[in-house]
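If you count by the working numbering, then the sequence shown holds residues 0 to 434, one letter each, in order. Backbone N, C-alpha and C fix where the C-beta goes; we use that ideal spot for every residue, glycine too.
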Amino acid sequence: MENKTKPAGTAKFELEGKTYDLPVLSGTHGPNVVDINSLYKQAGVFTLDPGFTSTASCESQITFIDGNEGILLHRGYPIDQLAGQSGYLEVCYLLLNGKLPNQAEFKTFAREITEHTLLHTQMDRFFEGFRRDSHPMAMLTGTVGALSAFYPSSMDSADPEERRLASIRLIAKMPTLAARVYKYSIGQPFVNPLNELSYAENFLRMCFSVPAEDYKISSTLSKAMDRFFILHADHEQNASTSTVRLAGSSGAHPYAAVAAGVACLWGPSHGGANEACLNMLHEIGTIDRIPEFIERAKDKDDPFRLMGFGHRVYKNYDPRAKVMQQTAHEVLDELGVRDTPVLKVAMELEKIALEDDYFVQKKLYPNVDFYSGIILDAMGFPTEMFTVLFALARTVGWVSQLNEMLDDPTQRIGRPRQIYTGEAMRDFVPVSQRS
Ligand code: SDX
């Protein structure tokens, strides 16, 4: 990746009577950054920012979020335009290559993905080691890491071609893996991919077809699935993407780095929020119980949070949530399950929360996870599968960010420092002399 930051002046840092000059850099959009790379060498101090609230970990040209305006761009294209006019595989090409493909480029790319959707047959034996009631994310975390055992020709992160092949294999095989996770958990036979189907059609058929009858493709559900994948494809330096970058910075191969990202995404504050949100909506159950949960969310002494609400970056409506809400209505209409109790609770909860001072003051809006669970639930996925689908969709973002980092000639292993507040140095005391 070519460094495209521009000088934007100098920041003066004063400490113990000395002044240090730190370069200020600007990018295409978003706040300028103060480059503190030389701070420790110059001034002998570290900076401290545990949640990375004010710290940029890298330069990136893939995705940009304007949290105040509720804008999300992938390689410059607004998410609502991509969700409305593009397809997930085309967005994959865009994230990986930095531009939208022409027809020939897309045909070649789609064909290569299609030809890598099969898993090594021995991969299926990994599932036998799991209990049937294992959490699907436990099975996905384990099997993604295991992929490396079968594809040694695409493990050298230092080799751009091996990295490219690993990226293709991970994007292509995640639907097959995710579908197997689901089939194993419900005791149904695994279904292999069909090359004549689209990416989303293939995934839905691998999940929901049974040997006893032909599977009917629904264009509405396939379109909704494809749009769900687009809306989850990438999102700047979120926790799981930062995990993938840090794991990959040591030279760990792409399968290991992505397996680390899958594990991080599982958390309920991150990708696990879609599962937690639907569970919360079911727990609320009816509109009249909403005030009780709003009060709990505001109670400092109650650990309960409104799942699907709030975001580290968005201090406005998550643009993905708007598209997700519209898709939820389309899917429920198609399935003839309009106005389910859970959708009614979700819409009323959103309305009340957006008018409540607590949420207004703290700028807490629905995020991508608020409506996604309603769509997946209506499509027939069990709640525990929701984060698996998020991981499937985010794989292209993880590998794109990993490749961008490894393509950067200045890339080094990530190794944060700390402020130490433990015991001062002291001498060892033999046990015979301890009280
Ligand atoms: C994703 O980073 C990404 O881009 C992630 C993601 C992606 O695509 O990769 O967008 C996907 O992870 C979306 C977020 C899904 N998580 C949830 O929906 C879980 C519920 N949300 C919260 O846990 C929280 O909002 C976070 C984790 C999303 C953000 O946490 P922050 O940025 O650390 O914010 P915070 O915890 O410091 O909250 C600020 C204040 C706090 O109150 P005070 O201490 O200032 O009094 O807002 C409150 C919080 O208590 N708050 C909430 C709340 N979220 C924040 N109060 C009630 N309900 C909530 N949901």
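A distance criterion of 7 Å places the beta-carbon of A238 in contact range of the ligand SDX, judged by its closest non-hydrogen atom.
Taking the CA atoms as reference points, L220 sits about 19 Å from V341. A distance below 7 Å between beta-carbons, with the five flanking residues on each side excluded, links P318 to the following residues of its chain, in chain order: G69, I70, L71, I78, D79. Annotation for P415: no alpha helix (DSSP H) segment contains it, and DSSP assigns it neither H nor E. Here the C-alpha atom of Y39 lies approximately 22 Å from the C-alpha atom of T4.
In terms of Cα proximity to L14, the closest of E212, R131, A42 is A42. When the beta-carbon positions are compared, V367 and H269 stay at least 8 Å from each other. Distance from the Cα of L169 is smallest, within the candidate group A255, N2, F126, for A255. Cβ atoms of L139 and V344 stay farther apart than 8 Å, at about 29 Å. The straight-line gap separating the alpha-carbon atoms of P210 and P408 is approximately 51 Å.
Secondary structure note for F108: its alpha helix (DSSP H) is the uninterrupted segment 102-113. With fewer than 16 other Cβ atoms inside 10 Å of its own Cβ, N101 counts as exposed.
Of the heavy atoms belonging to the ligand SDX, at least one sits nearer than 7 Å to the Cβ of V367. Secondary structure note for G83: its alpha helix (DSSP H) is the uninterrupted segment 78-84. The C-beta distance from D355 to I286 rounds to 15 Å, too long to fall under 8 Å, and the pair is not in contact. A distance below 7 Å between beta-carbons, with the five flanking residues on each side excluded, links S241 to the following residues of its chain, in chain order: S56. Cβ-Cβ separation between L21 and A10: approximately 4 Å, consistent with a contact (criterion under 8 Å). Per the coordinates, the alpha-carbon of W397 lies some 40 Å from the alpha-carbon of T18.
Beta-bridge partners of S25 (DSSP): K5. Around the CB of R433, fewer than 16 other CB atoms lie within 10 Å, so the residue is classed as exposed.
A straight-line Cα-Cα distance of about 9 Å links G250 and L405. Secondary structure of F385 (DSSP, three-state): helix.
The alpha-carbon separation between M154 and A171 amounts to approximately 16 Å. In this structure, the alpha-carbon of F369 lies about 7 Å from that of A320.
When secondary structure is reduced to three states using DSSP, H73 falls in the strand class.
Pairing C206 with I185, the inter-Cα distance amounts to about 10 Å. By the beta-carbon neighbour count (other beta carbons within 10 angstroms, threshold 16), V359 is exposed.
Residue pairing by DSSP places I373 in no beta bridge whatsoever. Nearest to R393 by alpha-carbon distance, out of D301, S239, A148, N315, is S239.
CA-CA distance, H115 to K106, rounds to 15 Å.
Only residues of its own chain outside the window of five on either side were considered, and among them L331 have a CB closer than 6 Å to the CB of R337, listed in chain order. Runs of the alpha helix (DSSP H) lying entirely within the stretch 288-371 and spanning at least 4 residues, in chain order: 289-297, 318-334, 340-354, 356-360.
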